[in-house]
Amino acid sequence: MVIADPIALRRPASRPRSLPQPDLLQTTDLAADAVLQGRYNHLLPAAGLPDDQRWFARIHGDDRLDIWLISWVPGHATELHDHGDSLGALTVLSGSLDEFHWDGRQLARRRLDAGDQAAFSRGWVHDVVWAPSAPEPEPGAAPVPTLSVHAYSPPLVEMSYYDVAPGNTLRRQRTELTQHPEAS
671 MVIADPIALR RPASRPRSLP QPDLLQTTDL AADAVLQGRY NHLLPAAGLP DDQRWFARIH
731 GDDRLDIWLI SWVPGHATEL HDHGDSLGAL TVLSGSLDEF HWDGRQLARR RLDAGDQAAF
791 SRGWVHDVVW APSAPEPEPG AAPVPTLSVH AYSPPLVEMS YYDVAPGNTL RRQRTELTQH
851 PEAS
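Heads up: the sequence shown begins at 671 in the working numbering, then just goes up one per residue.
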C-alpha cells in the first residue's frame, strides 16, 4: 500500500486492523517530511521545544493510526515498555536517540540519528532516551532536544512496563491504559 498523505489515510471496512510495518515506516517518513516543510509549525511550542522535559503532540489520529511528534531531552527516559497490541515505527527528524531493546537475553543498544528509522512489532520491549549528537555539544552548552515522529497502528491503548530481573530475565511490572505516546 502506498500512502501519499498520512493525514488523508482512512480505514476501509475490508482492511486489516493494523498497518504493516513497511507502511508505518513510510508514514513516519512522509510525516517527518511534512514537519520539516513547516506543515505542523502551529503545533510546536511558541517558545521552542522545552529543554527540561519531553513534549509531544498528536498530528493525526483515527481508529487505525496515530501519528505523534515527540521531543526528547536528557534525563527523561520512557522506561522499559511495550506497546500492547500496536505495531509502530519512528523517524528521527533532528538530534539522536538511543534505543535499548530486549533481545531475548539482554538489553541491546541501537543508535538512531537524524534521518534514521526504526520499526517495532507486537511484543517489542524497549526504552528510548535522548542521546548527544555528533559532534558533542560545547561544554556547558544546553542540550538540544531531539525530535522524532512516531506512528502506532492500531492506536495505543495500553502499555506494559518491565524490568530486567536477576538471572537476566524480563519481568512485567505493570500494565497501564494510555492515550499518549511513549511513557514519560
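Heads up, the beta-carbon is just placed ideally off N, CA and C, and yes, glycines get one too.
- For residue 764, the CB contacts under 6 Å within the same chain, skipping 5 residues up- and downstream, are 784 and 817 in chain order.
- At the C-beta level, residue 803 and residue 693 stay beyond 9 Å of one another.
- For residue 849, no beta strand (DSSP E) run applies, since DSSP gives it neither H nor E.
- In this model, residue 809 and residue 746 are separated by some 20 Å (Cα to Cα).
- The residue from 786, 748, 775 and 776 with its alpha-carbon nearest to that of residue 766 is 786.
- In this structure, residue 759 lies away from residue 781, with their beta-carbon atoms at least 9 Å apart.
- Taking every protein chain shown into account, the CB of residue 712 has fewer than 16 other CB atoms within 10 angstroms, so this residue is exposed.
- Residue environment analysis places residue 845 among the exposed positions, since fewer than 16 neighbouring C-beta atoms fall within 10 angstroms of its C-beta.
- Rounded to whole angstroms, residue 691 and residue 739 show a C-alpha spacing of 18 Å.
- Residue 721 holds the alpha-carbon nearest to the alpha-carbon of residue 744 among 769, 850, 735 and 721.
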